[in-house]
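Worksheet: one structure, shown below.
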Amino acid sequence: MTGPRIARVPYFSVVVEGQDITPWVTSVQVVEDDRLADNTTITVNDPRMIYADALMEGCIAEVDIGYAEADQHALMLRATITKVEVTYPENGVPQVKIKGEDKSIEMGLAEKKKNWTNTTVNAVVRKIGEPYHFADIVADLKPDPKVTRENQDGKTDLAFLQDLAKKFQAKCFVELDENEEEVLYFIADRKILGINRADKLVLRYRMGPSSNLMTFSPAFDASFIDRVREVNDIDDSGQAVNTPPQPPVEVFIWPLADDLGARASRADLDRIEALYDVGLRAREKLQTELAKPKPTTGKVAGSQQQLDEKTGSLESRRLGMSASGTTAGSIWMRAKCNVSILGVHERFAGDWYVTGVTHTIDTGGYKSEFKAVR
71 MTGPRIARVP YFSVVVEGQD ITPWVTSVQV VEDDRLADNT TITVNDPRMI YADALMEGCI
131 AEVDIGYAEA DQHALMLRAT ITKVEVTYPE NGVPQVKIKG EDKSIEMGLA EKKKNWTNTT
191 VNAVVRKIGE PYHFADIVAD LKPDPKVTRE NQDGKTDLAF LQDLAKKFQA KCFVELDENE
251 EEVLYFIADR KILGINRADK LVLRYRMGPS SNLMTFSPAF DASFIDRVRE VNDIDDSGQA
311 VNTPPQPPVE VFIWPLADDL GARASRADLD RIEALYDVGL RAREKLQTEL AKPKPTTGKV
371 AGSQQQLDEK TGSLESRRLG MSASGTTAGS IWMRAKCNVS ILGVHERFAG DWYVTGVTHT
431 IDTGGYKSEF KAVR
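Using the numbering used here, read the sequence shown as starting at 71 and increasing by one per residue.
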């Protein structure tokens, strides 16, 4: 007989410019996203109206969350405070909400005009990142696409880098390294899981005492399938350029559960197997059609080499599925990681890529809400 499960005590610490304000804080939320700046919302009740005047925009807040156990909490975010909101309700006490974003926000404060010519994407990223004094700049697109002409026309450095990332199927983000220093990353989608990550999380739905997946809502939508944009045009020198041939699209088909016969009646089992056989062929046809290259007009590549390099940077992870869910709080649940889902229907079981996570600690405990695709 197993003993009772030990209750875990949520833990958080908030330090602003070296001052520990944890005793003032009633709740903490940290939001991670694989494309947007990570951000935090810190809530402080201020019944005596003494705190709000001392909490100012521009200060640095360090947020450490997890559980009150060794190696089970970590500095999740070092944020620049960008907004302080105060509410004075008719009933209840005044409340202060401190909102902040990671170091990438420093690149989003000033609009700039600059023409980038005769360089490469990695070189542009390093040049833009240098003035912001990151501990390191990891710009690692391979092959490194050539930049013949890119106009940063009135955009902030952050907006321009995000546009480049979208154009070349990359992710641009700031993350703390093992020394708790900010690093600017600009890496290909297909390499995102190679950065420092814990072992893959396994999330179990209704599978006994080890269950940690509280809710899960997956769906298939044709609009979520990544499609290569097909170019057939003339380059700058008048030569024909074409998108290089791509390997056949992966069509995801799941098996029926091994124990289905033990859970379904004979009549239901016959219907299920008949529907599965028909559906398999129909889904293969639909998904193959939906994933065909998308004709592109109005965008001309400078050369065939440039088009080959851009196409080579593409590696679709998305099979037309998206999901949201909630787990018991975990500092190991991070944006830009893979998780394995168990205890759900076969079509949605397996590995998912996490695009965003919201960690919340309040009087209700610690939970992690996530969004994922595959």
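Ideal Cβ positions, reconstructed from N, Cα and C, are used throughout, including at glycine.
_Comparing C-alpha positions only, which one of C242, D104 and I411 sits nearest to T285?_
I411
_For G399 and Y255, what's the separation of their Cα atoms in angstroms?_
26 Å
*Counting Cβ pairs closer than 8 Å, one from the region 224 to 232 and one from the region 163 to 183, do we hit at least three?*
yes
*For the beta strand (DSSP E) holding D206, just list the boundary residues, first then last.*
D206 to A209
*A352 and P288: beta carbons closer than 8 Å?*
no
*Coil, strand or helix - Y202 by DSSP*: helix
*Ends of the alpha helix (DSSP H) at L271?*
Looking at the DSSP string, L271 is not in any alpha helix (DSSP H); the run it does join, the beta strand (DSSP E), is L271 to R274.
*asked:* Taking only three categories from DSSP, how would you classify M71?
replied: Unreliable placement is indicated for M71, whose pLDDT of 45 sits below 50; the coordinate value is still reported in the next sentence. The answer is coil: DSSP assigns M71 none of H, G, I, E or B.
*Based on the DSSP secondary-structure assignment, which residues constitute the bridge partners of V98?*
I112 and I431
*Going by the beta-carbon positions, is the gap between T96 and T110 smaller than 8 Å?*
no
*Per DSSP, R148 is paired with what?*
E132
*Please name the residue, chosen from N408, G413, A344 and D90, that lies closest to D329 on a Cα-to-Cα basis.*
G413
*Please go through the region 157 to 232 and give each complete beta strand (DSSP E) segment of 3 or more residues, from N-terminal end onward.*
165 to 171, 181 to 190, 206 to 209 and 216 to 226
_D123, DSSP secondary structure in three states_ = helix
*asked:* Please list the terminal residues of the continuous beta strand (DSSP E) segment that includes L412.
replied: N408 to L412
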